[in-house]
Each structure stands twice: as C-alpha cells, then as structure tokens.
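Undergrad: Let me begin by handing over the structure; questions about it come next.
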Amino acid sequence: MATTKRRITIFSTVLRIVYISVLVAYLLLWGLSANGQTSWKAGLIRCPYPPPTGVGGGLSRSQDQVRKIYTSQIGVREKQTNAGTEVEKYLHYVGLTKGNPWCAAFVCWSLGEAKVGNPRSGWSPDLFKRDKVIWCSGATPVSRIKYQESRLGGGNPDGLSFDTVDGIDPASRSACPPRPITDYRLLITNSSVIKPPVPNQRSPEMGDVFGLYFPEKGRIAHVGFVDEWKDGWVTTVEGNTNVLGSRDGDGVYRKRRLIRSICKVARYVE
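Just so you know, the sequence shown maps onto residues 1 to 270 in UniProt numbering.
What follows is the structure, given as structure tokens:
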C-alpha cells in the first residue's frame, strides 16, 4: 500500500513538472512572437526581424512602434496591379483608390498607424519638405540607379518599368496634387543630380524615409523606410517594389540598396 502511494506521489510530481515546463515554453514563445513581430498570414509565418545593430543609439518608443508596423507588412502582395486588400488600405489612407502607385501611401499609412504626423499623400515629393529632410546627397549618379537595382536582383535592367510609377490619374489626385519642386533646385548635369547640402545634416536612422530620384520624372519617384544605414549600404522596407528593386513592383519587401543611390532622407519619427 505504501509503495502504491509513493508511486502515485512520484507520478503526480512528474505531471506537475511537465505541466509547468509546457506552460513556461508557451509563455516564452508568446513573448518572442510579440516582441519579434512573428505573425500568421495566408498560412505562412513571417520571420521575425530583430532591430539591426549599428543604427544610431537605442530605439525611441516611436521608432520601435513604427518599425513594428512596417516590418509586419513584409510579405504583403498585390492581388492585381496596384490592388488587393492591404494595398487598397494604404491607398485609402491617402485618399486614393486601387490602381494607383502606392509606395508613398505605404509609408504614410505606416506612420499614421504609429500615430506619427505625416503628409497623408501618395505623391512621393510631398514626403521631403525642407523642414523634414535631414540628409541629402551632394551628387547622386542617377545613371547608376537602374543598374544597381537590376544587379541586386540579378535581372535585366531593360526589363524594369520606370515610367509608370506615381502616374496618378489627375482625376484622383485631389488628395495628393503634384507640386513643383521648390525646396531644392535640382540640376541634372553629366548624369548627376546636384543639390545644395542640408543645413546641420544628420545621419539617417531606423524609421527615417528615403527617396530615390529618377531623371525621367525630374523628381523623387520612389520612397520607403530606412531600416539600417551602414557601411555604404542601406537596408530598407518599401512598398510597391519587387525582388529586382523596381519602383513599380508587386508588394512590400525588405531590400538592400547602395547609399549612393539615395537622393534624400526625411525624418518624421523623433
């Protein structure tokens, strides 16, 4: 009888240990999921993106919130050209309908979700007003941007579309009317964009907004978030791009671009 009781006691103790172990493991996994931004979508789990090192000091609360939002969108894909539930959500935020380019809309929506003030515009140049620009390249070799993007993706540069992005139908542009570039005088000379330096130029950080300049448009025509700025390269999260780095892509991607291809960087998150 005593032996039976002892066995029952041992069995109960083992069950308690197993139960506690499972509970602890569940809590740890739940914590990693929340902090690492792991989420489920369409049956696929997105890999967590821990904040990279080497970008400024520690993250501010606003930076952390903005980053959680824009990285949570990595993997979003269009259902049709410039359409789909998520894409239309971004466009609706800036007053546009499906079918319109949405890289700027994605940036504004992400900032808005973090309760950070922004222009709420689908017009890329609107994100780079003089009081927001913190970094500006002295002379960006624009002739290399197309080559760089295709090389990183291993595709044919002639196969990329560069002339339709931000081609917003004038009838739909009430929320983001085109404006002449008055903040900076852009002069294209010998395949370079010459711009006056930004006063008190600062180093770009996570959560800042970068812009790419395209000479055929005569303006910044693609934007996204800076996730890491280091050693001649910028790691980005951007919408309306693809594996080739195109300005007219099919989803939200994490990309790596040459810093020398960046025209301006604006700061909305302090």
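Don't be surprised by glycine CBs; every beta carbon is placed ideally from N, CA and C.
For a test of the three-state rule: what should DSSP assign to Arg61, helix, strand or coil?
TA: By 1-based counting over the sequence shown, the position of residue 61 is 61. Helix, per DSSP.
Undergrad: Give me the residue from Asp64, Ala114, Asp231 with the minimum Cα distance to Met206.
TA: As a first step, residue 206 is located in the sequence shown; it is residue number 206 there, counting from the start. Measuring from the Cα of Met206, the nearest candidate turns out to be Asp64.
Undergrad: Under 8 Å: do the region 66–78 and the region 93–113 share three or more Cβ pairs, one atom per stretch?
TA: The region 66–78, when compared against the region 93–113, does touch it at the 8 Å Cβ threshold.
Undergrad: May I ask you to list the residues that DSSP assigns as paired with Cys136?
TA: Here residue 136 refers to the residue found at position 136 of the sequence shown. Bridge partners of Cys136: Lys264.
Undergrad: Can you check whether the CB of Val209 is closer than 7 Å to the CB of Glu127?
TA: In the sequence shown, the residue the question calls residue 127 occupies position 127. In the sequence shown, the residue the question calls residue 209 occupies position 209. First, the residue type needs correcting, since residue 127 is Leu and not Glu in the sequence shown. Going by C-beta atoms, Leu127 is nearer than 7 Å to Val209.
Undergrad: Let's see if you can read the secondary structure: which residues bound the beta strand (DSSP E) around Lys255?
TA: Position 255 of the sequence shown, counted from the first residue, corresponds to residue 255. Segment 251–258, the beta strand (DSSP E) holding Lys255.
Undergrad: If you follow the alpha helix (DSSP H) that Gly224 is in, where does it begin and where does it stop?
TA: Against the sequence shown, residue 224 aligns to sequence position 224. Note, Gly224: premise wrong, no alpha helix (DSSP H); beta strand (DSSP E) at 219–230.
Undergrad: Is the region 242–255 in contact with the region 73–82, if contact means three or more CB pairs nearer than 8 Å?
TA: Yes: at least three Cβ pairs fall under 8 Å.
Undergrad: Starting from Gly239 and walking both ways along the beta strand (DSSP E), at which residues does that stretch end?
TA: Along the sequence shown, one-based indexing puts residue 239 at 239. Element bounds for Gly239: 233–241.
Undergrad: Closest to Asp231 by CA distance: which of Leu258, Gly218, Ile10, Lys115 is it?
TA: By 1-based counting over the sequence shown, the position of residue 231 is 231. Nearest option by C-alpha distance: Leu258.
Undergrad: Nearest to Pro101 by alpha carbon, out of Ala266, Arg202, Val243, Glu238?
TA: As a first step, residue 101 is located in the sequence shown; it is residue number 101 there, counting from the start. Out of Ala266, Arg202, Val243, Glu238, Glu238 has the C-alpha closest to the C-alpha of Pro101.
Undergrad: Quick one: using the 10 Å Cβ neighbour count with 16 as the cut-off for buried, is Glu270 buried or exposed?
TA: Along the sequence shown, read from residue 1 onward, the residue named residue 270 stands at position 270. Exposed, by the Cβ-count rule.
Undergrad: Bridge partners for Val214 per DSSP, in chain order?
TA: For the purposes of this step, residue 214 is taken as residue 214 along the sequence shown, with counting starting at 1. Going by the sequence as given, residue 214 is Phe instead of Val. Looking at the DSSP assignment, Phe214 forms a beta bridge with Arg219.
Undergrad: Report the option in Ser12, Ser62, Trp135, Arg16 whose CA atom is closest to the CA atom of Val116.
TA: As a working mapping, residue 116 is identified with position 116 in the sequence shown. The shortest Cα separation from Val116 among Ser12, Ser62, Trp135, Arg16 belongs to Ser62.
Undergrad: What residues match up with Val209 in a beta bridge as DSSP calls it?
TA: Walking along the sequence shown from the start, residue 209 turns up at place 209. Paired residue(s): Phe225, Ala266.
Undergrad: First and last residue of the alpha helix (DSSP H) that includes Trp102?
TA: Counted from its first residue, the sequence shown places residue 102 at position 102. Taken as a continuous stretch (DSSP letters only), Trp102 belongs to no alpha helix (DSSP H), as it is neither H nor E.
Undergrad: Check the Cβ-Cβ distances between Lys115 and every residue of chain B, and say whether any is below 7 Å.
TA: This model lacks chain B altogether, as it is built from one protein chain only.
Undergrad: Leaving out five residues before and five after Gln201 in sequence, what residues of the same chain have Cβ atoms less than 8 Å from its Cβ?
TA: Reading the sequence shown from its first residue, position 201 is the one you call residue 201. Taken in chain order, the residues that qualify are Ile134, Trp135, Cys136.
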